[in-house]
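Notes follow once the structure below has been shown.
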Amino acid sequence: MPVPVSLLERLHRTSIHHRSVEAAATCGCFFCGATFHPAEIAAWVDEGDTALCPRCGIDSVLAGNVGAEVLAAMHAYWFGRSIYFPEDERWWHKLRWRLMPLERRVVWFWRTHLGPSPPGS
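Here this note's numbering is used: the first residue of the sequence shown is 82, the next is one more, and so on.
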């Protein structure tokens with residue numbers, strides 16, 4: 082069952098300015114998915130009010146045992162919007178070949194409408 086967006090938004094608000102996380106029995110990071118005891122938190126930001134995850138160093142710490150499903154949903158909602166590029170050279174080669182026609186059109190448009198050539202061409 083999907084986690085409601087309203088819950089994801091509400092939980093996110095509890096991940097900042099929450100020194101009270103120290104009183105929780107356990108914590109979870111919705112960036113890396115780690116769970117840990119609040120005593121493991123060694124770094125704080127936002128004038129000492131926002132915890133950084135002791136595993137990954139990201140300010141995505143939630144107090145309490147929210148569960149792996151909620152942590153995964155939080156990660157997908159808040160960080161899944163980023164673009165991920167694999168490091169596989171074949172993937173980059175394929176992407177380059179697919180983008181070549183677009184690159185040619187952009188360079189042509191730039192030269193005919195905007196000036197000599199776009200930066201880097």
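Where a beta carbon is used, it is the ideal one built from N, C-alpha and C, also for glycine. All figures in this text were calculated on a predicted structure; none of them were measured in a lab.
Checklist line | Buried versus exposed call for L195 [16 or more other C-beta atoms within 10 Å across all chains shown] | finding: L195 comes out exposed.
Notebook entry, point to check: So who's on the other strand from W125, going by DSSP bridges?
Noted result: Answer by DSSP bridge pairing, in chain order: A132.
Checklist line | Among D140, G114 and A115, the one whose alpha carbon lies nearest that of W125 | finding: Of the residues D140, G114 and A115, the one whose Cα lies closest to the Cα of W125 is D140.
Note to self: Mapping the DSSP letters down to three states, classify T116 as helix, strand or coil.
What the structure shows: Shown here, T116 sits in a strand according to DSSP, grouped into three states.
Next item on the list: For the alpha helix (DSSP H) holding A149, just list the boundary residues, first then last.
Entry: DSSP places A149 inside the alpha helix (DSSP H), whose first and last residues are A149 to W159.
Notebook entry, point to check: Between which two residues does the beta strand (DSSP E) carrying V142 extend?
Noted result: Counting along the chain, the beta strand (DSSP E) containing V142 begins and ends at V142 to A144.
Notebook entry, point to check: L180 to H174, Cα distance in whole Å?
Noted result: Distance between the alpha carbons of L180 and H174 is about 10 angstroms.
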